[in-house]
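Below: one structure, written as structure tokens.
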Amino acid sequence: DTEVTQTPKHLVMGMTNKKSLKCEQHMGHRAMYWYKQKAKKPPELMFVYSYEKLSINESVPSRFSPECPNSSLLNLHLHALQPEDSALYLCASSHLLAGAAGELFFGEGSRLTVL
Amino acid sequence: GENVEQHPSTLSVQEGDSAVIKCTYSDSASNYFPWYKQELGKRPQLIIDIRSNVGEKKDQRIAVTLNKTAKHFSLHITETQPEDSAVYFCAAGGGNKLVFGAGTILRVKS
Chain W
98 DTEVTQTPKH
108 LVMGMTNKKS
118 LKCEQHMGHR
128 AMYWYKQKAK
138 KPPELMFVYS
148 YEKLSINESV
158 PSRFSPECPN
168 SSLLNLHLHA
178 LQPEDSALYL
188 CASSHLLAGA
198 AGELFFGEGS
208 RLTVL
Chain R
62 GENVEQHPST
72 LSVQEGDSAV
82 IKCTYSDSAS
92 NYFPWYKQEL
102 GKRPQLIIDI
112 RSNVGEKKDQ
122 RIAVTLNKTA
132 KHFSLHITET
142 QPEDSAVYFC
152 AAGGGNKLVF
162 GAGTILRVKS
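Residue numbers (the numbering used here), protein chains in the order written: chain W, 98 to 212; chain R, 62 to 171.
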């Protein structure tokens with residue numbers, strides 16, 4: 098299985114809602130990532146988990162809360178979001194190669210609309 | 062932190078011609094330079110990558126060159142085909158952090 102699976106594919110939420118995005122991979126990758134991508138822009142790194150521990154937080158607002166329950170799962174909890182948070186949220190995973198970066202395998206993304 | 066600049070932002074070529082996309086990076090500690098292709102509505106997918114101990118890498122019609130001294134790397138696509146039309150992103154980084162360039166929209170006209 099060489100897939101990264103993200104659910105839901107589409108999500109519409111109000112500014113007072115609480116929702117979660119989910120990501121799963123079964124490639125044995127020990128690094129998992131959340132990226133945010135706006136239309137016609139590159140992916141922007143949000144969080145990195147290495148061996149299920151948060152290793153990078155790119156100064157993301159606390160209304161985004163990541164969680165890595167085990168080596169195959171990655172969640173992104175959303176609360177009190179703003180309309181400008183509407184974007185495609187991409188999950189990715191990779192091997193950890195003695196500290197070096199490896200190929201990122203991206204999921205199809207969750208397209209989030211905040212009303 | 063790392064900063065990656067990518068040029069051109071759009072590129073139109075005739076089918077069969079070559080396409081070249083260039084990127085520069087700022088952090089001399091970066092050691093990994095992948096290129097991703099993203100078709101409309103799809104996920105980014107790796108097409109080729111290069112590490113800092115290699116100057117050039119080729120895979121069929123695609124090649125990447127790296128000049129560490131000048132801190133720039135380039136993607137070369139030969140014999141372009143309509144299915145090569147997509148957005149191409151370069152990236153640079155090390156450890157688990159990759160910074161992406163702004164992207165190049167490649168249009169191959171048949």
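Cβ coordinates follow ideal geometry from the N, Cα and C atoms, glycine included. Please read all numbers here as calculations on a predicted model, not as lab measurements.
Spatial neighbours of Tyr132(W) in its chain, beta-carbon cut-off 7 Å, leaving aside the 5 residues before and after: These residues qualify, in order along the chain: Pro140, Glu141, Leu142, Met143, Leu187 and Ala189.
Cβ pair Glu66(R), Ala153(R) closer than 7 Å: Contact flag unset, no.
Residue interval of the beta strand (DSSP E) (run including His126(W)): Segment: none, His126(W) is in no beta strand (DSSP E) and carries neither H nor E.
Nearest candidate by alpha-carbon position, reference Ser87(R), set Ile166(R), Val160(R) and Ser146(R): Nearest C-alpha to Ser87(R): Val160(R).
Within 7 Å of chain R by C-beta, residues of the region 146–169 of chain W in sequence order: Of all residues in the region 146–169 of chain W, Ser147, Ser152 and Ile153 have a Cβ within less than 7 Å of some Cβ in chain R.
Residues in the region 150–169 of chain R having any Cβ partner in chain W nearer than 7 Å: Of all residues in the region 150–169 of chain R, Phe150, Gly154, Gly155, Gly156, Asn157, Lys158, Leu159, Phe161, Gly162, Ala163 and Gly164 have a Cβ within less than 7 Å of some Cβ in chain W.
Limits of the unbroken beta strand (DSSP E) element including Gln103(W): Where Gln103(W) is concerned, the enclosing beta strand (DSSP E) stretches over Val101 to Thr104.
Bounding residues of the beta strand (DSSP E) (the contiguous stretch that carries Gln67(R)): It spans Val65 to His68 - the beta strand (DSSP E) in which Gln67(R) sits, taken as one unbroken run.
Short CB-CB distance (under 7 Å) between Leu205(W) and chain R: It is worth fixing the name first, because residue 205(W) is Glu in this sequence and not Leu. At least one chain R Cβ lies under 7 Å of Glu205(W).
Within-7 Å CB hit, Pro105(R) to chain W: When Cβ-Cβ separations below 7 Å define contact, Pro105(R) makes contact with chain W.
Test: Glu121(W) CB closer than 7 Å to a CB of chain R: Not an interface residue.
Nearest-angstrom beta carbon gap, Glu200(W) and Pro95(R) [assumed within contact, 8 Å]: Yes, Pro95(R) and Glu200(W) are in contact; Cβ-Cβ is about 7 Å, under 8 Å.
Contact under 7 Å by Cβ, Val145(W) with Asn92(R): Contact flag unset, no.
Pro143(R), DSSP secondary structure in three states: The answer is helix: DSSP assigns Pro143(R) an H, G or I state.
Residue from Thr104(W), Thr102(W), Gln103(W) and Leu108(W) whose Cα sits closest to the Cα of Asp182(W): When each option's Cα is compared against that of Asp182(W), the closest is Leu108(W).
Beta-carbon separation (whole angstroms), Arg122(R) vs Ile108(R), contact threshold 8 Å: Cβ-Cβ separation between Arg122(R) and Ile108(R): approximately 10 Å, too far for a contact (criterion under 8 Å).
Contact set between Ala128(W) and chain R, taken where Cβ atoms lie within less than 7 Å: Within 7 Å Cβ-Cβ: Asn157.
CB of Cys165(W) within 7 Å of CB of Glu155(W), strictly: It is not a contact, given that the beta carbons lie outside the stated cut-off.
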